[in-house]
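Note sheet for the following structure.
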Ligand code: PHE
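Numbering (the numbering used here), first residue to last: 2 to 331.
Laid out in C-alpha cells, this is it:
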C-alpha cells in the first residue's frame, strides 16, 4: 500500500488524483482486492488485517483530499493571476456625449414651428431636376440657377441645393390647407469661412384658400419666431428675389454682437441676414396643379443660426468633428 501514499503526493493534477482515487477506492480498486484477499487469511489474522486496511483506507482518503484541496487552490491561484482584473487600476475616464450645436439649433427651430401647428416633412437628398428647380419656377437655362452651385449626377439627378423641393413633394401628395416645415441637409459647391458643401436648412410653407394668406401673416410669424430664437432683436424685411416667391424678401435681425452699432460680424452694417421668404409664386402652384390658393414660404440656414447663437466664427469648425468644440456645448 505504501506506494499509493507516494503516488498521491506526487500527483500534479486533479485528474491524476481522480485516476488514483479510482485505482485505490474503486470497486475493482486495490483496497477492494486487499479486502477480498483477507477472506482467505486464517481467521485469527483477519481482524488485524482489517484494522490495518481500514487505517490505510482512512489515511489515504485524508491524504487524497488534502492533496486535492491544495491542487485546486494552486489552479485557482494561477487562474487569478492570469485572468485576474487589477482592481487597483484607475478606471478609464469616459466622456459624456452631447447634441451637436447644429442639431440642437435645428431641434429648437422645429420645436417653435411644431408649437405653431406646422407639421414636419422630409424628402430625399438625391433629387431630380423637376422637384429641385423646374417646379420651383426655375426652368432650364434660367439665369437664377446660377444662384446655387449644384452637384449633378447627371442632367436629371442632383444633390438638392435647398429644402424647397420638399414643398413640391408635399403639395403633390396632399391637398391644401398646408402648414409644413422641412428640416434637412442640402448641398452646394461652396467652401470657405461661411460656406460648406453640406449644410442644413429648415423650409416653411403655408398654403390656404385664395386671399387667405398675406405678407402680413408671414411677417407676423417670422418676427415671433426670430424673437423666440434671438431674444429682443430688431427685425427688418428687405426686398429680394427668389424664383419661387413673389414678392420676396430677405429678413435681417439687428446684430446680436454689437446691438446694431456695427462690428466685424455684421460687416459694420448693424444687421445680420438670417432668412429668405416670400409669397408663393403662382407658377409654383401651377406646377403642382393647385387652383385658387395662396401661400407663403420661407427658408433658413441652420448653421448660420447656430453660429450666431453660439458665437462660432468659422462655419467649418462645425464639421471637423473636434470634440473640444463639442465639449463646449454640454
Ligand atoms: N430656397 C431658398 C434658398 O435656399 C430659401 C427660400 C425658401 C426663400 C423659401 C424663399 C422661400 O436660398
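Ideal Cβ placement from N, Cα and C applies to all residues, glycine included.
All values reported here derive from a predicted model rather than from experimental measurement.
- Relative to residue 190, the option among 184, 183, 199 whose CA is nearest is 199.
- Under DSSP, residue 200 shares a beta bridge with 187.
- In terms of Cβ geometry, residue 266 and residue 299 do not form a close pair [threshold 9 Å].
- Secondary structure in the stretch 245 to 313: the alpha helix (DSSP H) runs of 4 residues or longer, each lying completely within the stretch, are 283 to 288, 303 to 311 in chain order.
- Burial check for residue 246: the Cβ neighbour count within 10 Å reaches 16 or more, so the residue is buried.
- Per DSSP, the unbroken alpha helix (DSSP H) holding residue 33 starts and ends at 31 to 39.
- The C-beta separation of residue 179 from residue 137 comes to about 16 Å, leaving the pair out of contact by the 8 Å criterion.
- Taking C-beta separations shorter than 8 Å and ignoring five residues to either side along the sequence, residue 290 has no partners in its chain.
- Of the candidates 274, 204, 244, 274 places its Cα closest to the Cα of residue 235.
- Our two residues, residue 45 and residue 84, have alpha carbons roughly 59 Å apart in a direct line.
- Contact check for residue 166 and residue 143: beta-carbon distance about 16 Å, past the 8 Å limit, so the pair fails to qualify.
- Residue 123 sits away from residue 303, with the two beta carbons spaced by 9 Å or more.
- Taking C-beta separations shorter than 7 Å and ignoring five residues to either side along the sequence, residue 59 has no partners in its chain.
- Inter-segment contact for the stretch 95 to 112 and the stretch 64 to 74 is absent: fewer than three beta-carbon pairs are separated by less than 8 Å.
- Spanning the alpha carbons of residue 259 and residue 271 requires a straight line of approximately 7 Å.
- The Cβ neighbour count for residue 128, taken over all protein chains shown within 10 Å, is at least 16; the residue is labelled buried.
- Classified as buried, residue 177 has 16 or more neighbouring CB atoms from the shown chains inside 10 Å of its CB.
- In the three-state reduction of the DSSP assignment, residue 137 falls in the helix class.
- In terms of Cα proximity to residue 175, the closest of 228, 120, 10 is 120.
- For a cut-off of 8 Å, the C-beta gap from residue 130 to residue 173 is around 15 Å, too long to register as a contact.
- Going by C-alpha positions, residue 222 is about 55 Å away from residue 91.
- For residue 331, the secondary structure class from DSSP, reduced to helix, strand or coil, is coil.
- Cβ atoms of residue 185 and residue 168 stay farther apart than 8 Å, at about 12 Å.
- The Cβ neighbour count for residue 226, taken over all protein chains shown within 10 Å, is at least 16; the residue is labelled buried.
- Taking residue 293 as the centre and dropping the five residues before and after it, the same chain places the C-beta of 210, 211 closer than 8 Å to its C-beta, in chain order.
- Comparing alpha carbon positions, the residue from 316, 326, 240, 29 closest to residue 192 is 316.
- Rounded to whole angstroms, residue 319 and residue 103 show a C-alpha spacing of 8 Å.
- Secondary-structure assignment with DSSP links residue 205 through a beta bridge to 182, 299.
- Here residue 205 is actually not in contact with residue 249; their C-beta atoms are around 14 Å apart, not less than 8 Å.
- For residue 238, the Cβ stays outside the 8 Å cut-off from all heavy atoms of ligand 1.
- Counting along the chain, no alpha helix (DSSP H) covers residue 99, and no H or E run does either.
- Our two residues, residue 194 and residue 182, have alpha carbons roughly 28 Å apart in a direct line.
- Residue 136 has its CB no nearer than 8 Å to any heavy atom of ligand 1.
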